[in-house]
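Novice: After the structure tokens below, expect a handful of questions from me.
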Ligand SMILES: Nc1ncnc2c1ncn2[C@@H]1O[C@H](COP(=O)(O)OP(=O)(O)O)[C@@H](O)[C@H]1O
Ligand SMILES: [Mg+2]
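Protein chains in written order, with the numbering used here: chain A, 229 to 601; chain B, 11 to 293.
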């Protein structure tokens with residue numbers, strides 16, 4: 229069985245492109261905050277920038293909004309280069325990290341702010357009607373004349389959302405919108421945000437460092453690292469076919485074993501691990517013979533048995549998670565790694581106790597050979 | 011110690027101070043204002059409204075104070091706001107502190123010395139001489155209301171800059187971005203976001219400068235040269251020179267009443283402008 233070589237997921241040819249970054253870089257003095265970003269954002273898409281703090285996500289978003297001018301490259305909206313277009317002239321709206329609501333205005337005044345800037349003026353009754361509709365959309369009906377500081381964090385976020393969508397932007401930018409919410413509220417908002425996006429058909433660009441958030445909401449995710457986009461793909465693609473150890477590590481959890489590639493990488497290839505073991509795995513793109521690589525095996529792809537083929541390990545720790553049991557096992561030369569056993573396996577094969585010896589095995593197709601970086 | 015006693019102890023020093031230094035003298039002045047001038051100077055206690063009836067004699071001092079104090083406050087505001095805005099919003103953060111210190115540097119020397127500098131600058135051999143040199147002749151600056159106004163603006167500018175600077179400095183810059191993001195042009199952002207959110211600073215600055223100006227006497231004495239009298243100058247004159255304490259007390263009480271009325275009206279106006287009361291730090 230051959231696995232398709234990884235291809236960067238581009239938009240289908242018939243998808244209308246609303247925004248584009250072409251070779252965009254941004255430096256602040258000596259700091260290169262964004263470097264050679266290339267990306268097309270399709271109409272109605274939910275796209276996320278995912279990466280650790282400081283990797284340039286906010287900078288990328290701010291260049292789309294018009295708060296920062298790129299040092300190099302072009303930002304396009306609807307096919308036009310907008311590098312020199314000020315934020316107030318771009319059909320793009322943003323939900324700020326701490327919401328940035330106007331403290332001297334009521335909820336209604338905040339939400340209607342964008343409409344009041346439109347020239348020629350929109351008649352007042354029409355503004356009022358659209359504001360109350362926006363309030364309904366974010367389920368804040370009845371909060372019209374509240375002061376901002378009388379609203380809870382979750383409510384403030386809805387106000388910020390309503391304020392940003394009222395002008396029906398081509399692009400809605402969200403900078404870590406859920407970072408300030410507690411876990412339960414965050415889950416609710418994630419679902420609501422997705423519903424809202426489907427309902428409005430607006431293109432969403434979300435910035436987050438929370439992989440779960442990106443995985444659960446996005447159509448496509450850009451994984452960023454040190455100012456660069458390292459991989460773009462759907463959540464499944466990134467999870468199943470990461471193009472580097474960095475991506476495999478950032479998206480989901482994985483076990484990594486270092487080694488050297490033996491022979492030219494074509495589909496199923498052989499890796500000589502640092503401990504002398506030879507294992508097979510699926511080679512990714514761009515690898516060469518004798519390259520230092522690592523193989524990556526997801527914990528749920530590993531099978532723990534009482535006997536049979538595989539590497540012999542000792543069970544170190546066991547965490548019962550309900551539908552899964554997570555075992556931390558340790559191998560003499562491979563070190564510690566995680567195995568996730570489904571409840572069913574525990575029931576049929578019998579569970580393992582701390583201190584038991586067991587064997588771990590996996591399908592060769594479940595092992596990915598990746599660049600070590 | 012109960013919470014109550016502790017609160018009282020906290021208030022005790024300031025309370026005592028207020029009682030001894032403010033309430034008692036004010037009461038004394040109030041009582042004096044109904045008295046009569048003693049033949050040897052000083053006061054004889056009585057119950058007469060004669061001193062109040064005589065107030066129109068000092069009309070000029072009241073008129074000067076009541077025009078130059080508001081005009082001075084407004085002028086200081088108009089000059090201070092752009093400066094505070096520049097310092098808080100536009101200036102490179104690295105230079106901010108240094109520039110701010112430069113604004114207070116003049117405070118390090120006495121207002122007396124600084125006013126003398128202005129006497130020279132506005133006097134015959136100062137700016138008028140320069141103007142004569144370019145062909146504008148016969149302009150008299152010193153000992154005019156204009157000279158007093160210049161002195162007032164100069165002396166009170168830092169007092170106006172500071173509260174405005176503070177309110178602009180703590181303004182979240184992302185609010186300005188949010189406004190721009192929602193389509194507001196820079197000028198609109200200023201009018202709809204920056205200005206309303208700096209009202210507490212403006213209110214505090216104006217209040218501070220206005221109240222102090224109502225009692226000002228040094229600047230009019232030096233730069234007005236006895237021609238531009240403030241109520242403060244009238245009081246100095248009545249208490250120290252002519253020793254007419256009863257009449258002086260009536261003038262003082264009237265000034266306090268005028269101040270209370272204007273400040274009350276002012277606070278009403280400010281709270282109607284939408285700044286919530288707790289925002290205005292000195293009120
Ligand atoms: N205005 C700025 N001035 C200087 N450095 C900046 C500025 N904005 C961002 N940076 C730097 O650029 C890098 C990327 O920042 P940012 O885009 O905010 O990252 P993220 O949003 O992924 O956490 C960081 O190293 C940050 O310190
Ligand atoms: Mg950020």
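Just so you know, even glycine gets a beta-carbon here, dropped at the ideal spot from N, CA and C.
1) Whose beta carbon lies closer than 5 Å to any heavy atom of ligand 4, going through the chain in order?
2) With 16 other CB atoms within 10 Å as the buried threshold, where does residue 553 of chain A fall?
3) Taking residue 320 of chain A as the reference, which of A:384, A:246, A:450, A:370 has the closest Cα?
4) Rounded to a whole number of angstroms, what is the C-alpha to C-alpha distance between residue 377 of chain A and residue 331 of chain A?
5) Do you know how far the Cα of residue 181 of chain B is from the Cα of residue 262 of chain B?
6) In three-state terms, what does DSSP make of residue 276 of chain A?
7) Rounded to whole angstroms, what's the CA-CA distance from residue 127 of chain B to residue 116 of chain B? Just pull it up for me.
8) Relative to the C-alpha of residue 596 of chain A, which candidate in A:432, A:545, A:529, A:563 has its C-alpha closest?
9) CA-CA distance, residue 271 of chain A and residue 429 of chain A?
10) How many Å lie between residue 84 of chain B and residue 273 of chain A at the Cα?
11) When the Cα of residue 384 of chain A is compared with those of A:352, A:300, A:333, which residue comes out closest?
12) Could one say the Cβ of residue 291 of chain B lies closer than 9 Å to chain A's Cβ atoms, at least one of them?
13) Who are residue 570 of chain A's beta bridge partners in DSSP?
14) Quick one: does residue 326 of chain A have its CB under 9 Å from some CB of chain B?
15) Figure out for me which residue from A:558, A:566, A:534 has the closest Cα to the Cα of residue 573 of chain A.
16) Does the CB of residue 233 of chain A have a neighbour CB from chain B at under 9 Å?
17) Quick one: is residue 211 of chain B buried, meaning 16 or more other Cβ sit within 10 Å of its Cβ, or exposed?
18) What residues in the region 356-389 of chain A have a beta carbon less than 8 Å from any beta carbon of chain B?
19) Can a CB atom of chain B be found closer than 9 Å to the CB of residue 230 of chain A?
20) On the three-pair Cβ rule with 8 Å, is the region 303-314 of chain A touching the region 469-487 of chain A?
21) Go ahead and pull the three-state DSSP assignment for residue 286 of chain B.
22) Would you say residue 171 of chain B touches ligand 2, meaning its beta carbon is less than 8 Å from a heavy atom?
23) Report the CB separation of residue 580 of chain A from residue 546 of chain A in whole angstroms; it is logged as a contact under 8 Å.
24) Suppose you measure from the CA of residue 8 of chain B to the CA of residue 22 of chain B; what does that come to, to the nearest Å?
25) May I have the straight-line CA-CA distance separating residue 113 of chain B from residue 130 of chain B, to the nearest angstrom?
26) Suppose you measure from the CA of residue 214 of chain B to the CA of residue 249 of chain B; what does that come to, to the nearest Å?
27) So is the beta-carbon of residue 490 of chain A under 8 Å away from any non-hydrogen atom of ligand 2?
28) Between A:601, A:497, A:357, A:396, which lies nearest to residue 517 of chain A when the distance is taken from Cα to Cα?
29) Which bits of chain A does residue 188 of chain B rub up against, with CB to CB less than 7 Å?
30) Measuring only between beta-carbons, confirm whether residue 294 of chain A sits less than 9 Å from chain E.
31) For a test of the three-state rule: what should DSSP assign to residue 584 of chain A, helix, strand or coil?
32) From this set, A:290, A:495, A:350, which residue's C-alpha is nearest residue 325 of chain A's C-alpha?
33) Which residues mark the beginning and the end of the alpha helix (DSSP H) in which residue 483 of chain A is found?
34) May I have the straight-line CA-CA distance separating residue 506 of chain A from residue 479 of chain A, to the nearest angstrom?
35) List the residues of chain A whose Cβ lies closer than 7 Å to the Cβ of residue 185 of chain B, in chain order.
36) Skipping 5 residues on each side, what residues in its chain have a beta carbon closer than 7 Å to that of residue 235 of chain B?
Specialist: Answer, in terms of the structure:
1) Absence of ligand 4 from the depicted structure is noted, with ligand 1 and ligand 2 being the only ligands included.
2) buried
3) A:246
4) 7 Å
5) 40 Å
6) strand
7) 12 Å
8) A:529
9) 8 Å
10) 54 Å
11) A:333
12) With a pLDDT of only 40 at residue 291 of chain B, under 50, the local geometry of the prediction cannot be trusted, and the value read off the model is given with reservation. With 9 Å as the cut-off, residue 291 of chain B does not count as an interface residue toward chain A.
13) A:552
14) yes
15) A:534
16) Low per-residue confidence applies at residue 233 of chain A: pLDDT is 34, beneath 50, and the placement is therefore not dependable enough to give any value.
17) buried
18) none
19) The pLDDT assigned to residue 230 of chain A is 34, lower than 50, so where the model puts this residue is not dependable, and the model offers no usable value.
20) no
21) For residue 286 of chain B, the predicted model reports a pLDDT of 48, less than 50, meaning its position is unreliable and no value from the coordinates is stated.
22) no
23) 7 Å
24) Since the displayed chain B opens at 11 and closes at 293, residue 8 of chain B lies outside it and no answer follows.
25) 22 Å
26) 32 Å
27) no
28) A:497
29) 324, 328
30) Absence of chain E from the displayed structure is noted, the protein chains being A and B.
31) coil
32) A:290
33) It is not in any alpha helix (DSSP H) - residue 483 of chain A instead sits in the beta strand (DSSP E) that spans 483-490.
34) 26 Å
35) 328, 330
36) 152, 153
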